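Colleague: Those letters in the sequence shown? Residues 2 to 944, by my numbering.
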Amino acid sequence: MGRAGEAERQTMALVERHEELGTLTRLYAECVRGRGQVALVSGGVASGKTELLHTFAEHVAAAGAVLMTATGSRAERTLRFGVVLQLAQSPAIPVELAEDATRRVRAQQAEPVEDPNALGRAGARLLDTLCATLIELAKKQPVVIAVDDVQFADGASLEALLYLQRRMRFGRVLVVLTEWAQPRPTQAVFRAEVTRQPNTSQLRLSPLSAEGVADLLADRFDPATVAALAPVHHAISGGNPLLVNALAEDHRAALRAGARAGEPDVAVGPEFAAGVLACLHRGEPAMRQVARGLALLGDAATPALLGALLEMTSDAAAQALDVLELAGLLDAGRFRHPVAKTAVLDGMATADRADLHLRAARLRLRDGAQAADVAAHLTAAADLDAPVEGQWAVSVLRHAAQEDLVADRLAPALRGLELAARITRDDDERADLITLLLRVEWRRNPSAAARYLGPLRAARTAGRLTPRNRLHLAKFLLWYGHTRELSETLAELSGSAAHAPATGQAGLALRWLEFLHPTVVPAVPAPRVAGVIADPWSRVSAMLERIRGGGARTEIVTAAEQILQSCRLGEQTLGSQLSALVALVLADRNDRAAYWCDALLAEATGRGADTWLAVLGAIRAEVALRQGDLPAAAERAQAAIDLLTPQGWGVAIGVPLSVRVAAATAMGEHELAATLLRTPVPEAMFQTQFGLRYLHARAGHNLATGRAHAALADHQRCGALMAHWDLDLPTLVPWRAGAAAAHLALGNRDAARALMAEQLARPGCDGPRTRGQSLRVLAAAATADRRTALLLESVEALHAGGDRYELARSLLALSHAHNAAADCDKARTVARRAAQLAKGCQAEPLTRELLPGREADVPEQTTDRRTADTAVLDLLSDAERRVAVLAALGHTNREIGGKLYITVSTVEQHLTRVYRKLNVSRRTDLPAGLPQQLLASAAAEEN
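1. Restricting to Cα atoms, I'd like to know which of PRO117, CYS598 and LEU614 is closest to ALA605.
2. Determine the DSSP secondary structure at SER1002, reduced to helix, strand or coil.
3. Kindly examine the ligand COA and report whether one of its heavy atoms sits closer than 7 Å to the Cβ of SER158.
4. Identify every run of the beta strand (DSSP E) within the region 194–278, keeping only runs that are complete inside it and at least 3 residues long; order them along the chain.
5. Looking at the structure shown, is ALA333 part of a helix, part of a strand, or coil, going by DSSP?
6. Where do the ends of the beta strand (DSSP E) carrying GLN371 lie?
7. Classify VAL46 as buried or exposed, calling it buried when 16 or more other Cβ atoms lie within 10 Å of its own Cβ.
8. Is it true that the CB of PRO208 sits closer than 8 Å to the CB of SER48?
9. Only counting the same chain, and skipping five residues up and downstream in sequence, which positions put a Cβ closer than 7 Å to that of ASN118?
10. If we define contact as Cβ-Cβ less than 8 Å, is ASP727 a contact residue for chain D?
11. Quick one, which of PRO647, LEU693 and GLN648 has its alpha-carbon nearest SER659's?
12. To the nearest angstrom, how far is the alpha carbon of THR343 from that of ALA377?
13. Mind listing, in chain order, the continuous alpha helix (DSSP H) runs of no fewer than 4 residues lying wholly within the region 97–162?
14. With H, G and I counted as helix, E and B as strand and the rest as coil, what does DSSP make of MET69?
15. Quick check on this structure: which residue in LEU722, GLN690, LEU747 and ALA685 has the alpha carbon closest to the alpha carbon of ALA711?
16. On the DSSP letters alone, give me the boundaries of the beta strand (DSSP E) that ALA40 sits inside.
17. Can you find at least 3 beta carbon pairs, one from the region 473–492 and one from the region 678–686, that sit closer than 8 Å?
18. Closest to VAL198 by CA distance: which of ARG452, ALA664, VAL176 and ALA211 is it?
19. Leaving aside the five residues before and after ASP374 along the sequence, list all residues of the same chain whose C-beta is less than 7 Å from its C-beta, in chain order.
20. Return the residue from the list PRO456, ALA633, TYR695 and LEU678 that minimises the CA-CA distance to ALA653.
21. Could you pull the start and end residues of the beta strand (DSSP E) that LEU175 belongs to?
22. Which residues in the same chain as ASN981 place their Cβ atom closer than 7 Å to its Cβ, once the five residues preceding and following it in sequence are excluded?
23. Just the Cα atoms here: how many angstroms apart are PRO271 and SER448?
24. Distance, Cα to Cα, LEU243 vs ALA268?
25. Using the Cβ count rule (16 or more neighbours within 10 Å means buried), how would you classify LYS1?
26. Contact between the region 415–425 and the region 377–390 is defined here as three or more beta-carbon pairs at a separation below 8 Å; is this criterion met?
27. Please classify ILE903: does DSSP put it in a helix, a strand, or coil?
28. Between which residues of its own chain and PHE516 is the CB-CB distance below 6 Å, once the five residues before and five after are set aside?
29. Give me the residue from LEU815, ARG18, PHE153 and ALA780 with the minimum Cα distance to ALA835.
30. Measure from the alpha carbon of THR771 to the alpha carbon of each residue in ALA844, LEU704, LYS827 and LEU587, then state which is nearest.
31. Under the rule that 16 or more other beta-carbon atoms within 10 Å means buried, what is TYR481, buried or exposed?
32. Between the alpha carbons of ALA641 and ALA600, how many angstroms are there, rounded?
33. Among THR706, TRP736 and ALA705, which one has its Cα closest to the Cα of GLN717?
34. Rounded to whole angstroms, what's the CA-CA distance from ARG170 to HIS282? Just pull it up for me.
35. Using the C-alpha atoms, what's the distance from ALA370 back to VAL85?
36. Cα separation between ARG917 and ASP824?
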């Protein structure tokens, strides 16, 4: 029974049983006055019947009664007169009477009989003698006969009890019997005979109430703990005293383990589990069987299904459920706590449990259950080493996996697919299942998914992959850096396509692979669709073609937004959505890319798809970098890196790693950037776009740390690759701008100027961010007379592009240009704006360069000039001042509108009036004398 049962006996203290004890005491008083009585005490399993009987027995023994006791046992149910023999051997009987009765009973037990439950003549004579002796003994002292668990008594002993009841009406005899309360008693005839006699009293023990549970806990815990535990323990135990004591022991163990008394969690542990098993082992075997079937079937369990599973009638299953309910183990036919269910399952033999799972799978399939329910039993049986076989099982497992994937239940989907791949006898189907396994596992853990590549590559070699599965394999070969085999796979795919244009999902996959790894994709004709493109994948393919060809940015942005608006995040749409996000980034619409990226991240959260979160997080980090939000870029890139292992990232590690390095470099964290660059990366990464990003970030670090030659080499390597791939897009990687900056550091102004002239003439360089960066580098290489104009244009473009870091760099360069032209007021104004932006970006190198004393040597404004500036500003309305200050701080019109809750058109109208009143033509001409309090207010609003 364990500690739970021991605690029950020691601490129960007859909680809520005083009325029943009083009734027994009254019946004993009637017995003493010569009126024989019978008490039948009924209660659920472990409801306290035995404790009540023992307490009463101690009471009557102390009162001088002759106490005779016996306990029914399932193991001795076939032992004829077994209970009578126990009574005859009770210590309170005089020795000579006990020995004589024992001798007579044993002699009767030794007699062969046809029906062990029938008395026969010899049995009747025995009972006549024993009853006469008992009645005679009762004349001297009251006799109390106590039989516990009478439902397990043998048939002959039950007849003996009835025989005595009929003869003790006016004897000083009290018979107390305890039995299980069951909807349909197992000893119905005996019970009917006992209860129809007028001297019989029936007592029913109910489960403990919540107040009773509190009383039971009061001796162990302080009042506050009792008040907190009692309602919960009552709900979990159903008022079963044994289970209440078990829960108390679990709580005490939790306290000893360090839990605090005031914590809200209720400990439900091993003692409770042991108590549940103790209750079941006290009952009939059918009770345990039904409990096991219920634990295995869960919410699907019905009496009919339990009967079919356990090979019993549904009526018998229903009766066992009722007994379990009376025992407090169930509530509305279901286990009250998961620990109870787990304990029942763990208490089964492995082979029995596996066999029941297989039977349950067939029965649930027969009943038309959901495939996922059937598959759960099949996988559970397989986990227990049961032989799962048959094409029907493969079909069910596959169907269930599809249901699980729709509901984002990746773990059960993988278990089912693993089992299906293991048991199928069709090699082609196995290859298809392994492909699906790779796709699903990659979604949550690319490192673990890599184990499926070997079998899938073998299937390709054996020619067992469909064209669709070859394409899936190709995507993963690229991810994991197997570029040689990728080339072979795509060549096979090209051959199987017979040079027909690849359309739909296949066409998009090929275009995407070509975009990421141009040289490896064979000459599969791209679709050329006239008119309206119907399917979304072909629209994405066409969009990628526009990007490569330097198509109009407005068309690219419109196509990308349409794709993102029309798709819900999923495996089939992920490629389209990533393509659209990249298109927005390359079109310099980072504001829209940020919006959609955030929406997709929110949609991916909670779906168990860590790889989706990592990839989307990496793109979001790049967007933040292109917006000049260096802290956010660093944080998001690191979070993306941490979601997957370096091996799991494959060649795509180049995206988050390059962003993290670039952000660290811009923030002056050069040691961190150097450490990040020592992260091992696959060599195959440098054959992809991801390698271009990595080389560009490494070059930026090298240039910032004084290694201009190394920076130039990396940029030139980028240029060579992009030219070879026919993917020379400045908005993707502006390698010419980087190389030009390296040339400038080395004193090669002509080379720098030539590179920037080339870049500005490239398709796709018309985006505001890309153009603004390019103009700043060109200005550094240009003659002094052109520098200011180029930088003013750069600042205007970067204002529109929304990259605050690059804007701060251009403003710093413009400040120097104004200073060189002896325009001190403008130099100081622009420097202050640059400093404000650099501080907001946490760009420490820029901030240090703009510290007081490091600015251009410009004299402070005179008091008269500051007063004049203030007087001019008095001409502005409050709304115009707010817009002017935010514009001076470097915010775009769209950002100003968002902060002030006005439209972009209203912002433009305010700025037009500000320019007219202040007699300036652009943002950079806004006066340096803006009141400090307005600057502080704007900064506070910005934060």
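From the three backbone atoms N, C-alpha and C, an ideal C-beta is built for every residue, glycine too.
In this text, all values refer to a predicted model and were calculated from it rather than measured experimentally.
Modeller: With the structure as the only source:
1. Here residue 605 corresponds to residue number 604 of the sequence shown, with the count starting at 1. Closest by alpha carbon: LEU614.
2. Coverage of the chain is limited to positions 2 through 944, which leaves residue 1002 absent and any answer about it impossible.
3. Ligands in the displayed structure: none, and consequently the ligand COA is not present.
4. 201–206
5. Here residue 333 refers to the residue found at position 332 of the sequence shown. It is coil, neither helix nor strand.
6. Looking up residue 371 in the sequence shown gives position 370. No beta strand (DSSP E) holds GLN371; DSSP gives it neither H nor E.
7. Translated into positions along the sequence shown, residue 46 becomes position 45. VAL46 is buried by the Cβ-count criterion.
8. Residue 48 sits at position 47 when you count from the first residue of the sequence shown. Residue 208 sits at position 207 when you count from the first residue of the sequence shown. In contact: SER48 and PRO208 (Cβ atoms closer than 8 Å).
9. What you label residue 118 is simply residue 117 of the sequence shown in a count that begins at 1. So the list reads GLY156 and ALA157, once near-sequence residues are dropped.
10. Given the protein chain composition of this structure (a single chain), no chain D is represented.
11. Position 658 of the sequence shown, counting from 1, holds the residue named residue 659. Closest option to SER659, Cα to Cα, is LEU693.
12. Translated into positions along the sequence shown, residue 343 becomes position 342. Translated into positions along the sequence shown, residue 377 becomes position 376. Taking the Cα positions, THR343 is about 16 Å away from ALA377.
13. 121–139
14. Residue mapping note: residue 69 aligns to position 68 of the sequence shown, counting from 1. Three-state DSSP puts MET69 in a strand.
15. Counting from one through the sequence shown, the residue named residue 711 turns up at place 710. Of LEU722, GLN690, LEU747 and ALA685, the residue nearest in Cα terms is LEU747.
16. In the sequence shown, counting from the first residue as 1, residue 40 sits at position 39. Its beta strand (DSSP E) spans residues 38–44.
17. yes
18. Position 197 of the sequence shown, counted from the start, is the residue given in the question as residue 198. Checking the sequence, you will find Gln at residue 198 rather than Val. GLN198 has its Cα closest to that of VAL176, out of ARG452, ALA664, VAL176 and ALA211.
19. Mapped onto the sequence shown, residue 374 falls at position 373. These residues qualify, in order along the chain: ALA301 and ARG365.
20. The residue given as residue 653 occupies position 652 in the sequence shown. Nearest of PRO456, ALA633, TYR695 and LEU678 to ALA653, Cα basis: TYR695.
21. Position 174 of the sequence shown, counted from the start, is the residue given in the question as residue 175. Run containing LEU175: 174–181, per the beta strand (DSSP E) assignment.
22. Because the chain in this structure spans residues 2 to 944, residue 981 falls outside the shown range and cannot be described.
23. Stepping through the sequence shown from its first residue, residue 271 is reached at position 270. Stepping through the sequence shown from its first residue, residue 448 is reached at position 447. Taking the straight line from one Cα to the other gives about 36 Å.
24. In the sequence shown, counting from the first residue as 1, residue 243 sits at position 242. In the sequence shown, counting from the first residue as 1, residue 268 sits at position 267. About 16 Å.
25. It is not possible to answer for residue 1, since the shown part of the chain is limited to 2 through 944.
26. yes
27. Residue mapping note: residue 903 aligns to position 902 of the sequence shown, counting from 1. The answer is coil: DSSP assigns ILE903 none of H, G, I, E or B.
28. In the sequence shown, counting from the first residue as 1, residue 516 sits at position 515. For PHE516, where only same-chain residues beyond five positions count, the Cβ hits under 6 Å are LEU545.
29. Translated into the one-based positions of the sequence shown, residue 835 becomes position 834. The option with the nearest alpha carbon to ALA835 is LEU815.
30. Numbered from 1 along the sequence shown, position 770 holds the residue referred to as residue 771. The shortest Cα separation from THR771 among ALA844, LEU704, LYS827 and LEU587 belongs to LEU587.
31. Mapped onto the sequence shown, residue 481 falls at position 480. Classification of TYR481: buried, given that the 10 Å Cβ count is 16 or more.
32. As a working note, residue 641 is residue 640 in the sequence shown. As a working note, residue 600 is residue 599 in the sequence shown. Approximately 16 Å, taken between the alpha carbons.
33. What you label residue 717 is simply residue 716 of the sequence shown in a count that begins at 1. Checked all of THR706, TRP736 and ALA705; the closest Cα to GLN717 is TRP736.
34. Working through the sequence shown from its first residue, we reach residue 170 at position 169. Working through the sequence shown from its first residue, we reach residue 282 at position 281. Answer to the nearest angstrom: the Cα atoms are 37 Å apart.
35. As a first step, residue 85 is located in the sequence shown; it is residue number 84 there, counting from the start. As a first step, residue 370 is located in the sequence shown; it is residue number 369 there, counting from the start. So the two alpha carbons sit approximately 53 Å from each other.
36. Position 916 of the sequence shown, counting from 1, holds the residue named residue 917. Position 823 of the sequence shown, counting from 1, holds the residue named residue 824. Their Cα atoms are separated by approximately 21 Å.
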